[in-house]
Amino acid sequence: MSLPDPRTDQHRYISNASQDVGEMLEVIGIDDIERLFDTIPGDVKLTELLNIPGPWSEIESRRWFRALAAKNLTAADHVSFLGGGAYLHYQPACIDQLLLRAEFLTSYTPYQPEVSQGTLQSIFEYQTHQCLLTGLDVANASLYDGSTGLCEAVLLAERVVRNRTKVVIAKSVHPQYTETVRTYVQNLGYEIVEVGWTNDGRIDTAALRDACTSDVFAVAIQSPNFLGVIEDYDTIAQIADAAGAVKIAVIAEATSLGILTPPGAHGFDIAVGEGQAWGVPTQYGGPFVGFMVVKDALKRHMPGRLVGETVDVDGKRAYVLTLATREQHIRRGKATSNICTNEALIALAANMYLSLMGKEGLREVGQQCLSKAAYLRGALQKVGSVILPFSGPVYNEFVVRTPFPAAEILADLEHAKILGGIPLGQFYDGHDNEFLVAVTELHTREHLDQFVAALTAAISRERR
Amino acid sequence: MTTQLIFEHSKRGRRGYRLPALDVPETTELPSSLMRDEIADEVEVSEVDVIRHFTRLSKLNVSIDAGLYPLGSCTMKHNPRLNEEIARTPGFALSHPLQPDHQVQGNLALLWHIERTLMEIFGMPRVTLQPVAGAHGELTGILMVHKALAKTGNARKYILIPDSAHGTNPASAAFAGYQIKELKSNSRGTVDIDTLAAAVTEDVAALMITVPNTLGVFETDIKKFADILHEKGAYLYCDGANLNSFVGIARPGDMGIDVIHSNLHKTFSTPHGGGGPGAGPVGVSQKLVPFLPTPTVEQREDGTYYLDHGHPDSIGRVRAFNGNFNVLVRALTYMRSMGPDGLRRIAQIAVLNANYIRARLRGSYHLPYDAPSLHEVVFSDKLQTAKDVHTLDIAKRLMDYGFHPPTIYFPLIVAGALMIEPTESEPKEELDAFCDAMIAIAKECEERPELVRSAPHTTPVRRLDEARAARQPVLRWKK
Amino acid sequence: MTPEDNRYAKSHEYVHPEAEGDIVVIGITDYAQKELGDVVFVELPQVGSELEQGDEFGSIESVKAVSELFSPVSGEVVEVNEALTDKPELVNTDPYGDGWMMKMRLSTPEEVDEMMTAEEYDEYVEKESAH
Numbered sequence: 006m007s008l009p010d011p012r013t014d015q016h017r018y019i020s021n022a023s024q025d026v027g028e029m030l031e032v033i034g035i036d037d038i039e040r041l042f043d044t045i046p047g048d049v050k051l052t053e054l055l056n057i058p059g060p061w062s063e064i065e066s067r068r069w070f071r072a073l074a075a076k077n078l079t080a081a082d083h084v085s086f087l088g089g090g091a092y093l094h095y096q097p098a099c100i101d102q103l104l105l106r107a108e109f110l111t112s113y114t115p116y117q118p119e120v121s122q123g124t125l126q127s128i129f130e131y132q133t134h135q136c137l138l139t140g141l142d143v144a145n146a147s148l149y150d151g152s153t154g155l156c157e158a159v160l161l162a163e164r165v166v167r168n169r170t171k172v173v174i175a176k177s178v179h180p181q182y183t184e185t186v187r188t189y190v191q192n193l194g195y196e197i198v199e200v201g202w203t204n205d206g207r208i209d210t211a212a213l214r215d216a217c218t219s220d221v222f223a224v225a226i227q228s229p230n231f232l233g234v235i236e237d238y239d240t241i242a243q244i245a246d247a248a249g250a251v252k253i254a255v256i257a258e259a260t261s262l263g264i265l266t267p268p269g270a271h272g273f274d275i276a277v278g279e280g281q282a283w284g285v286p287t288q289y290g291g292p293f294v295g296f297m298v299v300k301d302a303l304k305r306h307m308p309g310r311l312v313g314e315t316v317d318v319d320g321k322r323a324y325v326l327t328l329a330t331r332e333q334h335i336r337r338g339k340a341t342s343n344i345c346t347n348e349a350l351i352a353l354a355a356n357m358y359l360s361l362m363g364k365e366g367l368r369e370v371g372q373q374c375l376s377k378a379a380y381l382r383g384a385l386q387k388v389g390s391v392i393l394p395f396s397g398p399v400y401n402e403f404v405v406r407t408p409f410p411a412a413e414i415l416a417d418l419e420h421a422k423i424l425g426g427i428p429l430g431q432f433y434d435g436h437d438n439e440f441l442v443a444v445t446e447l448h449t450r451e452h453l454d455q456f457v458a459a460l461t462a463a464i465s466r467e468r469r
Numbered sequence: 061m062t063t064q065l066i067f068e069h070s071k072r073g074r075r076g077y078r079l080p081a082l083d084v085p086e087t088t089e090l091p092s093s094l095m096r097d098e099i100a101d102e103v104e105v106s107e108v109d110v111i112r113h114f115t116r117l118s119k120l121n122v123s124i125d126a127g128l129y130p131l132g133s134c135t136m137k138h139n140p141r142l143n144e145e146i147a148r149t150p151g152f153a154l155s156h157p158l159q160p161d162h163q164v165q166g167n168l169a170l171l172w173h174i175e176r177t178l179m180e181i182f183g184m185p186r187v188t189l190q191p192v193a194g195a196h197g198e199l200t201g202i203l204m205v206h207k208a209l210a211k212t213g214n215a216r217k218y219i220l221i222p223d224s225a226h227g228t229n230p231a232s233a234a235f236a237g238y239q240i241k242e243l244k245s246n247s248r249g250t251v252d253i254d255t256l257a258a259a260v261t262e263d264v265a266a267l268m269i270t271v272p273n274t275l276g277v278f279e280t281d282i283k284k285f286a287d288i289l290h291e292k293g294a295y296l297y298c299d300g301a302n303l304n305s306f307v308g309i310a311r312p313g314d315m316g317i318d319v320i321h322s323n324l325h326k327t328f329s330t331p332h333g334g335g336g337p338g339a340g341p342v343g344v345s346q347k348l349v350p351f352l353p354t355p356t357v358e359q360r361e362d363g364t365y366y367l368d369h370g371h372p373d374s375i376g377r378v379r380a381f382n383g384n385f386n387v388l389v390r391a392l393t394y395m396r397s398m399g400p401d402g403l404r405r406i407a408q409i410a411v412l413n414a415n416y417i418r419a420r421l422r423g424s425y426h427l428p429y430d431a432p433s434l435h436e437v438v439f440s441d442k443l444q445t446a447k448d449v450h451t452l453d454i455a456k457r458l459m460d461y462g463f464h465p466p467t468i469y470f471p472l473i474v475a476g477a478l479m480i481e482p483t484e485s486e487p488k489e490e491l492d493a494f495c496d497a498m499i500a501i502a503k504e505c506e507e508r509p510e511l512v513r514s515a516p517h518t519t520p521v522r523r524l525d526e527a528r529a530a531r532q533p534v535l536r537w538k539k
Numbered sequence: 027m028t029p030e031d032n033r034y035a036k037s038h039e040y041v042h043p044e045a046e047g048d049i050v051v052i053g054i055t056d057y058a059q060k061e062l063g064d065v066v067f068v069e070l071p072q073v074g075s076e077l078e079q080g081d082e083f084g085s086i087e088s089v090k091a092v093s094e095l096f097s098p099v100s101g102e103v104v105e106v107n108e109a110l111t112d113k114p115e116l117v118n119t120d121p122y123g124d125g126w127m128m129k130m131r132l133s134t135p136e137e138v139d140e141m142m143t144a145e146e147y148d149e150y151v152e153k154e155s156a157h
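Chains as they are written, first to last, in this note's numbering: chain F, 6 to 469; chain U, 61 to 539; chain P, 27 to 157.
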């Protein structure tokens, strides 16, 4: 049997209608569009339509999707202190407007440089921003996100330091990043050694020293780490160097690079991280943008695309994808990574953000985050029963402990229209009474005072 | 027009932003050793500078909104703007990935619905939404195969991959811990059943195959491939890059396929954005369900949704958070706009459009494989090389006619390949204009080969010195 | 012209005997460099590496291709051509001269005798390109 002909109502995303189809079939020399599918065996062909909803008009779609979105509680109508690798920062209005330009939004990977200079030049600029911010030499065109970026960094390190089997990852690296690394390397024969923290929330350097044996090819730490604490790059670099391991710095809060000393200034070989904080919406976790910047000596081991400068036949400056022999479309099974599609449009957004904010703005965002977090910490220290368990220096995020389960405290805050933080117990055993609080330039003093008042009230309510 | 870099627009004292004045005391709490100096050479520009700069840059690109973009295997179709609007709904855009389930019931419902829709399209019992690109999906799929086999005591050694495959296939298989064995294509450009049968030993974990393949030719024996593999305990992996050619016509699950990834930025219209973001959900057969990445999205009897972390045999998570959620929002918007009839119609018209080009260009260009093809058609430069004009030249000359070139020199089994995929979006007039241009170029190759060899002539820049870029790489701006 | 004092391998490397002793110079042929196109990078082995005949000793890259390099003879690498780091194009412009890749001390000199002469190599290339 054959399916009924497509309905007479023409679909809005398809131009060719029945008259076009008839003319085209005539040129092809067949009389029925179904004949084009003769190579698909009859026994796998569907005899009826898929059982899915639609087609919907824009009116129906708006109604349904908006109703779904309305079921979420978000920063749209709450004051949010959520961080943990996804931060709510200021998004300059012009970025989204520019991203909607069709020439950026609807173009492909710039394989044909003569008609893709816009994308190519923007990537070159993005690469330059990354180098300036991290203090390292060569940045790629983007990776999926921070977690897969760390995976790529670990794989890169192993290619450089051959014949070693262990990678040391701080326990205070974003736990979902480490989980992702576990998935990626599960069949490659590497061992992941985790190193915990001390009372200040910084990595336990004595334990790190013990872990850095001669079979370790890389040491990966995050700063500010998942507890919000800023690590001491120099000490960690010294320990890793003694073992001859590649030093990987993870940055999950990218705006921190505007004010904190960058890993490249402390001898780190690879900076890898999440660029979402550069004005990208948190959008339930994606799309984000992973960045990776390495020392010059590692550039031929880099995963992903790289844009380089050259000239055209008239001597005019131009940009092109380069060092492509590292990549899967040429080196196939021996490529430095399997990545093809990356996060180009989000990298473009990051380029725009970094350009708009510029030298002054990046520092000012950093300074505001730092100051507002310090203000909130100061206020919380005065609240009875609230403990800030880690004494190390922080940027814009920190751990709060109360005598009560974090989930209960946060439920109380939710009633006060505050998304108060991220319970730590889901990541670390024995931390059920702790949660992570992130502060950014978007918070006003009033928001911070509200948080303190709501937390104070929640604690006294729990006491009763 | 030479376009300056944003760094070259920079002038001391300019500013592109304003923040509210700091309303708490400025802290000096941190030790100075943790603070950085001024970011030397960072930009100082106004908002006007930024908007002018990026608007000018954008004009150096061509795009699908401006016309046919016939890159084979890339499915450059129309990107509906409703998708963009819906993805920007604050309830989605401002939701946070670590919110507890009860706060994000809308998101979880959306994930649940797109999974159900993909399950129906694939004909498979479950789909993971975590992978954010095709290659990411491939890695995820092969890791699942590895884990499933390892559980039976032997993960095996090899993945079979036809010589016509995308480079991501062997790369993903290698990162999942396998060695690659390449299968030679036959004279139709497909895989011979005997070649496959001989290659499937007890050491083979899976066949990774693109359906239809990169020539656009459907593997008619696909069900028999599945039988051969399954008999030996191996799996059939389908690269779904070309799903646009048979969506709604046939289902991978009904073909015996165990794993398929689909590039939502191809078949389901999410914009390519100059190279991403994408999404690469992976559908699996029943045997592989226990190995899906965690968490999965589940529905309770009361209709509420939750993230389920409790899958002891899972390969683990393949990315932090919940995949490229806002790409999934766009894709589901598209699926709903099309509906069951519309999805079937896109396959029909995409295949019609490709075959129309095939019919019109036949004779002007050599067709190395004559087997009937679906959504794309691969020509070669064999008729033009006599005049010392090659595929690259033809591609560059097309730019002068206002078209983006097809994919070139791929698949590797065709010397001088020109791989054309028009998609269902293109109206007949656009296809005719493209074919007229291709035919005119074929004529130029005969009459004025130098004109083609030196193309493009009208683009913002002309041919680049790619050797120079690679020999002494300049990968960033320096003052 | 294919130099007559060299010997050639099917994988398109040449071996050039130095005036004295058991040291040979190794590179790729003119035919090979033409097939590759613009060479942009050459990866060479560490001095001191021991290679067996047929071992991969490095790789050579053009803009859009990469090929492995195979040692046509066995022995120890005594010198590599550092000039190729900055000027990989020497392989294109002067494959038999400044574009050489490495020098080896032979452990099995007879291997050289078994390689093709210039005349044999020219014939071999002619057949291969007709293919």
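Glycine residues also receive a C-beta, built at the ideal position from the N, C-alpha and C atoms. All of these numbers come straight from a predicted model, not from anything done at the bench.
- E196/F is outside the set of residues whose beta carbon lies under 9 Å from a beta carbon in chain U.
- Between the C-alpha atoms of G127/U and A410/U there is a straight-line separation of about 16 Å.
- Relative to G366/F, the option among W283/F, I45/F, S66/F and A352/F whose CA is nearest is W283/F.
- The DSSP-derived three-state label of D299/U is strand.
- Going by beta carbons, T287/F and A98/F fall outside the 9 Å limit.
- Shown in chain order are the members of the region 87-117 of chain P whose Cβ falls below 9 Å from a Cβ of chain F: E87, S88, V89, K90, A91 and V92.
- Between V251/F and F222/F a beta carbon distance of about 6 Å is seen, short of the 8 Å cut, so the two are scored as contacting.
- Take R382/F, set aside five residues on each side of it, and the residues of its chain with a beta-carbon closer than 7 Å to its own are L393 and F403, in chain order.
- Pairing E361/U with M268/U gives a Cβ-Cβ distance that is not under 9 Å.
- Counted as a single uninterrupted DSSP element, the beta strand (DSSP E) harbouring K171/F occupies residues K171 to A175.
- Not one beta carbon of chain F lies nearer than 9 Å to the beta carbon of E481/U.
- Distance from A195/U to C345/F at the Cβ level is roughly 5 Å; contact confirmed, criterion being Cβ atoms closer than 8 Å.
- In this structure, E130/F and I66/U form a Cβ contact; the two beta carbons are roughly 5 Å apart against a cut-off of 8 Å.
- Taking 9 Å as the Cβ-Cβ cut-off, the region 37-68 of chain P approaches chain U at G63, D64, V65, V66 and F67, given in chain order.
- Boundaries of the alpha helix (DSSP H) harbouring L421/U: F385 to L421, taken from the DSSP string.
- With a 10 Å radius around the Cβ and a threshold of 16 neighbouring Cβ atoms, N386/U comes out buried.
- Residue L110/F holds the alpha-carbon nearest to the alpha-carbon of F114/U among L110/F, D434/F, N21/F and D48/F.
- Contact with chain P is found for Y469/U, since one of that chain's Cβ atoms lies less than 9 Å from the residue's Cβ.
- When C-beta atoms of the region 97-112 of chain P are compared with those of the region 499-507 of chain U, fewer than three pairs fall below 8 Å, so the two segments do not count as touching.
- Look at I241/F here: in three-state DSSP terms it is helix.
- Interface flag for T330/F against chain P is set, since a Cβ pair is found closer than 9 Å.
- Membership of D368/U in any alpha helix (DSSP H) is not indicated; the residue belongs instead to the beta strand (DSSP E) covering Y365 to D368.
- Every beta strand (DSSP E) stretch that sits fully inside the region 62-102 of chain P and reaches 3 residues is listed by chain position as 65-69, 82-88 and 91-96.
- I335/F has a beta carbon lying within less than 9 Å of a beta carbon in chain P.
- Interface flag for Y182/F against chain U is set, since a Cβ pair is found closer than 9 Å.
- When Cβ pairs closer than 8 Å are counted between the two stretches, the region 161-172 of chain F is seen not to touch the region 382-399 of chain U, the count staying below three.
- Under a criterion of Cβ atoms nearer than 8 Å, no residue of chain P is adjacent to E242/U; the nearest Cβ is some 16 Å distant.
- Within the same chain, T260, A282, W283, G284, V370, T445, E446 and L447 come within 8 Å of H94/F by CB-CB distance, once the 5 residues on both sides are set aside.
- Rounded to the nearest angstrom, the Cβ distance from I309/U to I45/F is 7 Å, consistent with a contact under 8 Å.
- Against chain U, the beta carbon of S376/F has neighbours under 8 Å at L82, V84, P85, E86 and T87, listed in chain order.
- Closer than 9 Å to the CB of I473/U there is not a single CB belonging to chain F.
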